[in-house]
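Chains as they are written, first to last, in my numbering: chain Z, 6 to 390; chain A, 3 to 350.
Below is one structure; the comments refer to it alone.
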Amino acid sequence: MKKYLTTASLLFASALLVGGPALAQQGITDTEIVIGDVEPLTGPPALLGVAASIGHKIAIAEANSAGGINGRKIKYVLEDDGYVTARTIQGAKKVIEVDKAFAMLGMSGSGQSIAVMPVLEKSGIPTVIDVAPVKFLWEPARKNVFVVGQSYEEGIIHLVNYLAEKNPGKKWGLITQDDDYGITVRDGFDSVVKAKKLNVVYSGNYKKGQQDFSSDMLQLKDSGAEVFLAGGIIAENIAMMKELEKLNVKPVTGIFWPGRIEPVLKLMGPAGDGIYAVDYVEPFAGEAGKAFLEKAKPLVSEAELKGINRYTMTGYAAAKVLIAAIERCGKRPTWACTISELENTKNVETGVMAPISFGPGVRFSNQKLQIMQADAATLSFKPVK
Amino acid sequence: MRTGDYKQTYGELVALVDSPPVWLWSAVAVAALIVAPYALNAYALSFVTIILITVVGTLGLNILTGYTGLISLGHVGFLVTGAYGYAVLVSKYQMHPLVGFLGAGVVPAIASLIVGAPSLRLKGLYLAITTLAFSFIINTVILEARTLTNGARGIPVQRPEIFGISFDSDTAFTWLCLGVAILTLFATLNIRRSRVGRAFVAIRDNDTAARVMGINLHAYKLLAFVTSAFITGISGALYGIYLSFVSVEGFPFLLSIEALAILIVGGLGSALGTVLGTVLIVLLPEATRLVFSLFSAQMDALFSTGAQELKSMLYGLVIILFLRFQPRGLVGLWHDIRRTWVHWPLRY
């Protein structure tokens, strides 16, 4: 009797050890693994949310066409938050609690990502954020949350340094939005101004949603600024460049990556020719960008192909890193293993940005930046050598 | 035979509820809400929490718009001021959460005096535009007062711990919201049946007649603004804690419109209507999604990826339908059902 009991206990214990964790882990069946995402898919910020989700879809379709993750097909669950913070929280809770996602991607804008952080931390779900890299997301480092990208501050410092070296002794102008993004741009700019003792002759601030920049640009012209940092996002930068064209002035202009999308150049027309931009993803006009578009063609619909922009690349890279980490966990991936493998991510090539690495206590990939310049003739951004 | 629902004493007229079964049903509803966190997952529970927070805010608006007849399009201004009042006191100056809640009420109440003053001369559309302007001005003030509010960077807010009780878990936080919602409901019901409440209603129905009766219009209109803003501010604090991060972006103008939609759908001037309207408006998109998902998985996906556009359409549709077919709102519908039940088979 004792022998039988011992054998039964051993069998039970081995069953628990072998099959237990995999069975207990949510979002995984024998044939499927669920990856969740919350993005702004409606309203003006949909331009970034839809593009990022297309990037996730491309990476997932690519993995699924290669047989999935160790034989399991990836199911992608996407929720719209409309860029409303309360709905980002609810969307994340739905994806985790109702759809039982195994891992998360994306996570909407910067304010939304910050607000949803307690939900992600409490649940412990492995998450790779790719849309809005802000310091709060990785400082302090959270065990289960990883961020692919580069900080806004570093981006703006890189751009201003480059423009300052190319245009020594010139007069500078800056305009920023009256929100978190604008403050970050201004802080980055100010740090270079101090270090390089730049001569700033115009410093403006506009209200989010402002459409008319005629008086701001007139002031910029009157100030005699020769190098101009346009701190708008999309519509604002277009309006500023059009206004400068009307005033017949063409300062050396720099823009930041949230506005570095190809349709902007079409709307700017000749006024956008030659503007500088900074980014950590490859431009579509480069070899890597072209290769990415070719890869995307058979994997997404015609409509989705039209929605591709730089955020598609950030989404693609994040999804690739997450899928690779889950894959390395073998047949029975768990949250603990996925988090550990994400931490072990070392120089993962995605083809759309510099290799991605994390490390023990390092949850931010700190991507390499590059400067690019707009070419109005081909409506593209080209890398500056 | 019973021929009607007559109030025969003054006590009956000012009673909180008019029959014992109402107490019973209310107790059952509260008990269900207390055990809800044990029966619901985090997603479903988030709806309960949002409903409770919204009930507090819309009860606040109901005092101003429902009882007193003063239309406010800028109540989100009081909501955001309340959230900042709490966040600044508790997160920045490490004060006790109860002091934070007090601040969350007092700061918007003071702000309401500024917007309330023009209401002494303005009515209707003019007042609505004034309150709308206030909500934009308050956002600019918050963004500019960086030393106090962190400007556009916002303030992270932790879940509170009050007298050793932690409200960190979703369950505990829902109970906190439930407690505040019950207190607010009792407060507004009591205001309505008091001398002050009757003065508010008199102003709403005919302010000239109210003045002739000796009601001080200036004092009572301002009191309505202050009371409404105080309650809305408390709701703002709860909303800020729920978001865990208070920033101007977290309080879009759409919240003001949603609150007005709740009052219209629920029934203007009724506390019960406010509660019913909140439940309907908050749950409508999710309920619609559930119904459609029974027919097709594609419809479910459509609600997930186009949720916000569909929500806006649903809200619009519901408001139009209620204004056309049931202008007294859900509470009017409830009264009709109750009357039919009592008088059946007679029509009246």
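Every residue gets a Cβ at the ideal spot worked out from N, C-alpha and C, and that includes glycine.
Per-residue burial, Phe17 of chain Z [other beta carbons within 10 Å of its own, 16 or more giving buried]: Within the first sequence, the letter at position 12 stands for residue 17 of chain Z. Residue confidence for Phe17 of chain Z is low, a pLDDT of 46 falling below 50, so the modelled location carries little weight; the figure read from the coordinates is stated next. Flag for Phe17 of chain Z reads exposed.
Helix, strand or coil at Pro26 of chain Z according to DSSP, with G and I counted as helix: The sequence position of residue 26 of chain Z within the first sequence is 21, counting from 1. Only weak support exists for where Pro26 of chain Z lies, its pLDDT of 42 falling under 50; the value from the coordinates is given anyway. DSSP places Pro26 of chain Z in helix when its eight states are reduced to three.
Beta-carbon proximity of Phe202 of chain A to Thr70 of chain A, cut-off 9 Å: The sequence position of residue 202 of chain A within the second sequence is 200, counting from 1. The sequence position of residue 70 of chain A within the second sequence is 68, counting from 1. It is a contact, given that the beta carbons lie within the stated cut-off.
Contact residues within the region 165–189 of chain Z, judged by C-beta distance below 9 Å to chain A: Residues passing the 9 Å Cβ filter: Gln182, Asp183, Asp184, Asp185, Tyr186, Gly187, Ile188, Thr189.
Below-9 Å beta-carbon distance, Val89 of chain Z vs any chain A residue: For the purposes of this step, residue 89 of chain Z is taken as the residue at position 84 of the first sequence. At least one chain A Cβ lies under 9 Å of Val89 of chain Z.
Min CB distance Pro26 of chain Z to chain A below 9 Å: Numbered from its first residue, the first sequence carries residue 26 of chain Z at position 21. In this prediction, Pro26 of chain Z scores a pLDDT of 42, lower than 50, which makes its location untrustworthy; no coordinate-derived value is stated.
Which of helix, strand or coil DSSP assigns to Leu234 of chain Z: Taking the first sequence and counting its residues from 1, one reaches residue 234 of chain Z at position 229. Strand.
Nearest candidate by alpha-carbon position, reference Ile259 of chain A, set A:Ala130, A:Arg340, A:Ala17: Taking the second sequence and counting its residues from 1, one reaches residue 259 of chain A at position 257. Among A:Ala130, A:Arg340, A:Ala17, the Cα nearest to that of Ile259 of chain A is on A:Ala130.
Residue from Z:Val153, Z:Val257, Z:Asp85 with nearest C-alpha to Asn371 of chain Z: Counted from its first residue, the first sequence places residue 371 of chain Z at position 366. Scanning Z:Val153, Z:Val257, Z:Asp85 for the CA closest to the CA of Asn371 of chain Z turns up Z:Val153.
Chain-order list of residues whose beta-carbon lies under 6 Å from that of Asp3 of chain Z (same chain, five-residue window excluded): Since the first residue of chain Z shown is 6 and the last is 390, residue 3 of chain Z is not available in this structure.
Distance between Lys105 of chain Z and Gly308 of chain A (C-alpha atoms, nearest Å): Taking the second sequence and counting its residues from 1, one reaches residue 308 of chain A at position 306. Taking the first sequence and counting its residues from 1, one reaches residue 105 of chain Z at position 100. Distance between the alpha carbons of Gly308 of chain A and Lys105 of chain Z is about 21 Å.
Of the listed residues Z:Gly114, Z:Ser196, Z:Asp85, nearest to Tyr186 of chain Z (C-alpha basis): The sequence position of residue 186 of chain Z within the first sequence is 181, counting from 1. The shortest Cα separation from Tyr186 of chain Z among Z:Gly114, Z:Ser196, Z:Asp85 belongs to Z:Gly114.
The beta strand (DSSP E) enclosing Asn64 of chain A, as first and last residue numbers: On the second sequence, position 62 is the one that residue 64 of chain A refers to. Careful: Asn64 of chain A lies outside any beta strand (DSSP E) and carries neither H nor E.
Secondary structure of His337 of chain A, DSSP reduced to three states: Start at 1 with the first residue of the second sequence, and residue 337 of chain A comes out as number 335. Looking at His337 of chain A - three-state DSSP - the assignment turns out to be helix.
Cut-off 6 Å between Cβ atoms - residues of its own chain near Ser114 of chain A, not counting five sequence neighbours on either side: Here residue 114 of chain A corresponds to residue number 112 of the second sequence, with the count starting at 1. Around Ser114 of chain A: Phe227, Val228, Ala231.
Residue-chain proximity (Tyr244 of chain A, chain Z), Cβ-Cβ < 9 Å: On the second sequence, residue 244 of chain A is found 242 positions in, with the first residue counted as 1. Yes, because at least one Cβ of chain Z sits closer than 9 Å to the Cβ of Tyr244 of chain A.
Cβ neighbour criterion (16 or more within 10 Å) applied to Lys98 of chain Z: If you number the first sequence from 1, residue 98 of chain Z lands on position 93. Under this definition Lys98 of chain Z is a buried residue.
At least 3 beta-carbon pairs within less than 8 Å: the region 303–315 of chain Z vs the region 9–16 of chain A: Taking 8 Å as the limit for Cβ pairs, the verdict is that the region 9–16 of chain A does not touch the region 303–315 of chain Z.
Through-space distance from Leu75 of chain A to Trp336 of chain A, alpha-carbon basis: Position 334 of the second sequence, counted from the start, is the residue given in the question as residue 336 of chain A. Position 73 of the second sequence, counted from the start, is the residue given in the question as residue 75 of chain A. If I take the Cα positions, the gap works out to 27 Å.
Residue from Z:Leu270, Z:Ile243, Z:Ser228, Z:Gly60 with nearest C-alpha to Glu44 of chain Z: As a first step, residue 44 of chain Z must be located in the first sequence, where it is residue number 39. The shortest C-alpha separation from Glu44 of chain Z is found at Z:Gly60.
Three-pair Cβ contact test at 8 Å for the region 209–218 of chain Z versus the region 165–176 of chain Z: At 8 Å Cβ cutoff, the stretches do not touch.
Backbone secondary structure at Tyr8 of chain A - three-state DSSP: Against the second sequence, residue 8 of chain A aligns to sequence position 6. Reduced to three states, the DSSP call for Tyr8 of chain A is coil.
Simplified DSSP state of Ile53 of chain A, which is helix, strand or coil: Position 51 of the second sequence, counting from 1, holds the residue named residue 53 of chain A. Helix, per DSSP.
Ser208 of chain Z, enclosing beta strand (DSSP E) - first and last residue: Along the first sequence, read from residue 1 onward, the residue named residue 208 of chain Z stands at position 203. Run containing Ser208 of chain Z: 204–211, per the beta strand (DSSP E) assignment.
Exposure label - Thr176 of chain A; buried when at least 16 CB within 10 Å: Here residue 176 of chain A is taken as the residue at index 174 of the second sequence, counted from 1. It is buried - the Cβ of Thr176 of chain A has at least 16 other Cβ atoms within 10 Å.
Three-way DSSP call (helix, strand, coil) for Leu110 of chain Z in this model: Along the first sequence, one-based indexing puts residue 110 of chain Z at 105. DSSP, reduced to helix, strand and coil, places Leu110 of chain Z within a strand of the structure shown.
Stretch-stretch touch, CB-based, cutoff 8 Å, three pairs: the region 203–210 of chain A with the region 51–62 of chain A: A contact between stretches requires three or more CB pairs, one per stretch, nearer than 8 Å, and the region 203–210 of chain A fails this requirement with the region 51–62 of chain A.
Extent of the continuous alpha helix (DSSP H) to which Phe255 of chain A belongs: Within the second sequence, numbered from 1, the residue matching residue 255 of chain A stands at position 253. First-last for Phe255 of chain A: undefined, no H or E at that position.
Cut-off 8 Å between Cβ atoms - residues of its own chain near Leu4 of chain Z, not counting five sequence neighbours on either side: Residue 4 of chain Z lies beyond the stretch modelled for chain Z, which goes from 6 to 390, so this question has no answer here.
Cβ neighbour criterion (16 or more within 10 Å) applied to Trp177 of chain Z: Counting from 1 along the first sequence, the entry for residue 177 of chain Z is found at position 172. Flag for Trp177 of chain Z reads buried.
Presumed contact (8 Å Cβ cut-off) between Val78 of chain A and Leu257 of chain A, rounded CB distance: For the purposes of this step, residue 78 of chain A is identified with residue 76 of the second sequence, where counting begins at 1. For the purposes of this step, residue 257 of chain A is identified with residue 255 of the second sequence, where counting begins at 1. Contact annotation, Val78 of chain A with Leu257 of chain A: C-beta distance approximately 4 Å; criterion of less than 8 Å satisfied.
Residue environment, Leu319 of chain A, which counts as buried when at least 16 other CB atoms sit within 10 Å: Position 317 of the second sequence holds residue 319 of chain A. Label assigned to Leu319 of chain A: exposed.
Range covered by the beta strand (DSSP E) that runs through Glu354 of chain Z: Residue numbering aside, residue 354 of chain Z sits at position 349 when the first sequence is read from its first letter. No beta strand (DSSP E) contains Glu354 of chain Z, which DSSP labels as neither H nor E.
CB contact check: Met273 of chain Z to chain A, cutoff 9 Å: Looking up residue 273 of chain Z in the first sequence gives position 268. No - not a single Cβ of chain A is within 9 Å of the one on Met273 of chain Z.
Trp262 of chain Z in three-state terms, based on DSSP: If you number the first sequence from 1, residue 262 of chain Z lands on position 257. The DSSP-derived three-state label of Trp262 of chain Z is helix.
Rounded separation between Pro329 of chain A and Gly275 of chain A - CA only: Locating residue 329 of chain A in the second sequence gives position 327, where the first residue counts as 1. Locating residue 275 of chain A in the second sequence gives position 273, where the first residue counts as 1. For Pro329 of chain A and Gly275 of chain A, the distance between alpha carbons rounds to 12 Å.
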